[in-house]
Amino acid sequence: MIEMFDVVELLDDVPEHGLLAGMQGTIVECHAADAYEVEFVDEKGDTSALLALAPEHFAVVWRARTRSWLPIPEQVAAVVADLPEAVGYEVLNFARFLRVRRQRIPIGATVEKDAFIRDVQPA
93 MIEMFDVVEL
103 LDDVPEHGLL
113 AGMQGTIVEC
123 HAADAYEVEF
133 VDEKGDTSAL
143 LALAPEHFAV
153 VWRARTRSWL
163 PIPEQVAAVV
173 ADLPEAVGYE
183 VLNFARFLRV
193 RRQRIPIGAT
203 VEKDAFIRDV
213 QPA
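What follows is the structure, encoded as structure tokens:
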């Protein structure tokens, strides 16, 4: 459930307002017609855009009620939920790829450029 002061991340560009997918804003009003007023601010904290968005254009990343960030799996699930099934499979395959990479190269390890690519190529 989307609530006041939740932080959301855009899933789509909104070029007429200078907003790009991935930018974060705050829910400042919940409208009855399944739309939410979202405020976006610049580095100085000044409002750069204030617009009504339908929930399919953003994903909640921080819950004001619990004062906590949503776990990454929930954020990924929210983004993937509205994608075509074929694209969802691409995401799943990429996640599998990352899991294999993590098993072969520990996080934080220093490797030469392109070493990983050579390591995961089938022989």
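Okay, so the sequence shown: first residue is 93 according to my numbering, each after it adds one. All residues carry an ideal CB built from backbone N, CA and C; glycine is no exception.
Note down, in chain order, each residue of its chain lying with its Cβ closer than 7 Å to the Cβ of D98, except the 5 sequence neighbours on either side.
Your numbering for residue 98 matches position 6 in the sequence shown. Answer for D98: I119, V152, W154, R155, A156, listed in chain order.
Given a threshold of 16 other Cβ atoms within 10 Å of its Cβ, counted over all protein chains shown, does F189 qualify as buried or as exposed?
Within the sequence shown, the letter at position 97 stands for residue 189. Classification for F189: exposed.
G180, DSSP secondary structure in three states
Taking the sequence shown and counting its residues from 1, the one referred to as residue 180 is at position 88. Here G180 sits in helix by DSSP.
Near D174, what residues of its chain come up, given a Cβ to Cβ distance below 7 Å and the 5 sequence neighbours on each side ignored?
The sequence position of residue 174 within the sequence shown is 82, counting from 1. Excluding five sequence positions before and after D174, the CB atoms of its chain that fall closer than 7 Å to its own CB belong to E148, given in chain order.
At least three beta-carbon pairs within less than 8 Å, the segment 135 to 142 to the segment 181 to 196
Here the segment 135 to 142 does not lie against the segment 181 to 196, with fewer than 3 beta-carbon pairs under 8 Å apart.
In the DSSP assignment, find the unbroken beta strand (DSSP E) run with A151 in it and report its ends.
Start at 1 with the first residue of the sequence shown, and residue 151 comes out as number 59. Residues 150 to 155.
When DSSP labels each residue in this structure, what does E135 get in the three-state scheme?
On the sequence shown, residue 135 is found 43 positions in, with the first residue counted as 1. The answer is coil: DSSP assigns E135 none of H, G, I, E or B.
Where G114 falls, given that 16 or more other Cβ within 10 Å makes a residue buried:
Taking the sequence shown and counting its residues from 1, one reaches residue 114 at position 22. G114 counts as exposed, since fewer than 16 other C-beta atoms from the protein chains shown sit within 10 angstroms of its C-beta.
Using a Cβ-based criterion (distance less than 7 Å to any ligand heavy atom), does L162 qualify as near the ligand ZN?
The ligand ZN is not among the ligands present in this structure, which contains no ligands whatsoever.
Distance between V106 and N185 (C-alpha atoms, nearest Å)
Here the question's residue 185 lines up with position 93 in the sequence shown. Here the question's residue 106 lines up with position 14 in the sequence shown. In a straight line, the C-alpha of N185 is about 29 Å away from that of V106.
Looking at the C-beta of R155, does it have a partner C-beta in chain D at a distance below 8 Å?
Protein chains in the displayed structure number just one, and chain D is not present.
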